[in-house]
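K.L.:
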């Protein structure tokens, strides 16, 4: 167990709580015991004094004075003679003082102060002896246990302190064991988390922690695994982006380099028909860079949108150039939308790009004489738009990947014929940036691409 670990700190905390509790309990116990001793002796002395006052009052009434009281008191203290039958029984373990109403000591069982006077304090603490409705004297009981109280109390406190220390030691040992057992289930997940963090810091982005237990530690483990998955996904995207860019730029750059070297060497004349293809390659590369930048912004959540309410009919009218291109390829484009579609709040430029990308994808995969259908309808709080074609369809095993960057379902098509493989990826990023969904369904008779958009802007 490491010195500064959570487990060690919890053990120290539990042991400290046990020791403090023991100290507090011992202090309170000693305080209570001291007062209980004092109250017990006070009550015992008061009872003894009351009994003696009653006995002496009876004696005075029988004899008319305290003459001969010494013999009476002596016999009472030894348990012999008349005094043996007085209320309360014989009393041996105390000192008895009998004084006149003026405070003169008439009897001292200890034979120490007979004939002297009680102090005002002693006289006030005594019990008056009342006979025939008048005070005939004062009796004072001095319990020798008051003198031994310090000794008794000291012994008791010593014993209590010893047992308290032993109890505290046992409690500390018990807290040590229980603390270790209780802290381990709490510290182990944190240790696992720390080890996983070090692995991730070292580049092992597949590091995960087991999700166990309940409460905050379970939530922490789940959040960590979610974070690690996001980091791993981001790293994979970064690597794929680098590889894709390198792959896509390699061929056009090689073509540019070869043609430029031929121009420099004078092998190819610098005629317009020679330079035009080079200019087209530069334009394609520029478009590729721009599309990659847009995708990167969308995937990181930094794509800026300018939403405003528009009617879908007005947006579909802007597809006219693409529709003319389709007709030139002997394709029929049909747009089916109800007249009562509500306006939607979107970035019109981004949404138009989605529609163009899907329409151009349908045109590229439709045979001559085929039909392309664009439909839109209200579905709850969303607008659902679809683009269908009559092409060869997409194999089921390729449907999950068609929205990935640089993915081409038809591997035989060149980049010039099939594009760069970014159209569907850009469409997905734009739709998801609007809070919508996009997916595709396909049969051998054709494919249909669907996407939804919320009617109101979701901030």
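Numbering (the numbering used here), first residue to last: 22 to 480. Don't be surprised by glycine CBs; every beta carbon is placed ideally from N, CA and C.
1) Pick helix, strand or coil for residue 41, following the three-state DSSP scheme.
2) Can the beta-carbon of residue 467 be found closer than 7 Å to that of residue 412?
3) For my contact list, residue 149 and residue 159 are in at a C-beta cut-off of 8 Å; report their separation, rounded to the angstrom.
4) Taking only the alpha-carbon atoms, compute the straight-line gap between residue 31 and residue 221 and give it to the nearest angstrom.
5) Could you tell me the alpha carbon to alpha carbon distance between residue 95 and residue 83, rounded to whole angstroms?
6) By Cβ distance below 6 Å, which residues in the same chain neighbour residue 196 in space, the five residues on each side in sequence not counted?
7) Buried or exposed: residue 223, going by 16 or more other Cβ atoms within 10 Å of its Cβ?
8) From residue 242 to residue 228, what distance separates their C-alpha atoms?
9) Residue 394 lies in the beta strand (DSSP E); which residues open and close that run?
10) Given this structure, state the Cα-to-Cα distance separating residue 120 from residue 62, to the nearest angstrom.
11) Going by DSSP, what residues sit across from residue 331 in a beta bridge?
12) Kindly indicate which residue of 59, 295, 198 and 88 has the alpha-carbon position closest to the one of residue 29.
13) Is it true that the CB of residue 404 sits closer than 7 Å to the CB of residue 365?
14) Can you name the residues that DSSP bridges to residue 461?
15) Residue 403 bridges to which residues according to DSSP?
16) Can you grab the Cα-Cα spacing for the pair residue 44 / residue 129, in whole Å?
17) Comparing alpha-carbon positions, which option in 283, 73, 266 and 451 lies nearest residue 369?
18) Identify whether residue 360 lies in helix, strand or coil by the three-state DSSP scheme.
19) Check residue 80 in the structure and name its three-state DSSP category.
20) Identify the continuous alpha helix (DSSP H) that holds residue 293 and give its terminal residues.
21) Do residue 415 and residue 445 have their CB atoms nearer than 7 Å?
22) List the whole-angstrom C-beta distance separating residue 409 from residue 469, where the pair is believed to meet the contact cut-off of C-beta under 8 Å.
23) Nearest CA to the CA of residue 270: which residue from 249, 238, 296 and 303?
24) Please list, in chain order, all residues of the same chain as residue 425 whose beta carbon is under 6 Å from its beta carbon, the five residues on each side excluded.
25) Specify whether the region 336-354 and the region 303-316 touch according to this definition: at least 3 beta carbon pairs, one from each stretch, less than 8 Å apart.
26) Pull the bridge partners of residue 281 from the DSSP assignment, please.
27) Tell me whether the beta-carbon of residue 457 lies closer than 7 Å to the beta-carbon of residue 472.
28) Just to confirm the assignment, what range does the alpha helix (DSSP H) spanning residue 142 have?
29) Tell me which residue opens and which closes the alpha helix (DSSP H) that residue 162 is part of.
30) Roughly how many angstroms lie between the CA atoms of residue 461 and residue 420, to the nearest whole one?
31) Would you decide whether residue 192 is buried or exposed? Buried here means 16 or more other CB atoms lie within 10 Å of its CB.
32) Under 8 Å, with one C-beta from each stretch per pair, do the region 209-221 and the region 67-75 reach the 3-pair mark?
33) Specify, as a first and last residue, the run of the beta strand (DSSP E) that residue 129 falls within.
34) Indicate the three-state DSSP secondary structure (helix, strand or coil) for residue 353 in the structure shown.
35) By the three-class DSSP mapping on this structure, what secondary structure does residue 150 have?
36) Which runs of the alpha helix (DSSP H), 4 residues or longer, sit entirely within the region 201-274?
P.N.:
Working from what's here:
1) helix
2) Going by C-beta atoms, residue 467 is nearer than 7 Å to residue 412.
3) 6 Å
4) When rounded, the separation of the alpha-carbon atoms in residue 31 and residue 221 is 28 Å.
5) 17 Å
6) 35, 36 and 39
7) exposed
8) Roughly 12 Å between the two C-alpha positions.
9) 392-400
10) 23 Å
11) 365
12) Comparing Cα-Cα distances from residue 29 to each of 59, 295, 198 and 88, the minimum goes to 198.
13) yes
14) The secondary-structure analysis by DSSP pairs residue 461 across a beta bridge with 470.
15) Per DSSP, 400 and 475.
16) 46 Å
17) 451
18) coil
19) In the structure shown, residue 80 sits in a helix (DSSP, three-state: H, G or I).
20) 293-320
21) no
22) 4 Å
23) 303
24) Same-chain partners within the cutoff: there are none.
25) Contact between the region 336-354 and the region 303-316 is absent, because fewer than three Cβ pairs lie under 8 Å.
26) The partner list for residue 281 (beta bridge, DSSP) is empty, contrary to what the question assumes.
27) Their beta carbons are under 7 Å apart, which means residue 457 touches residue 472 by this criterion.
28) Where residue 142 is concerned, the enclosing alpha helix (DSSP H) stretches over 141-146.
29) No alpha helix (DSSP H) contains residue 162, which is instead part of the beta strand (DSSP E) from 155-163.
30) For residue 461 and residue 420, the distance between alpha carbons rounds to 7 Å.
31) buried
32) no
33) 126-129
34) strand
35) strand
36) none
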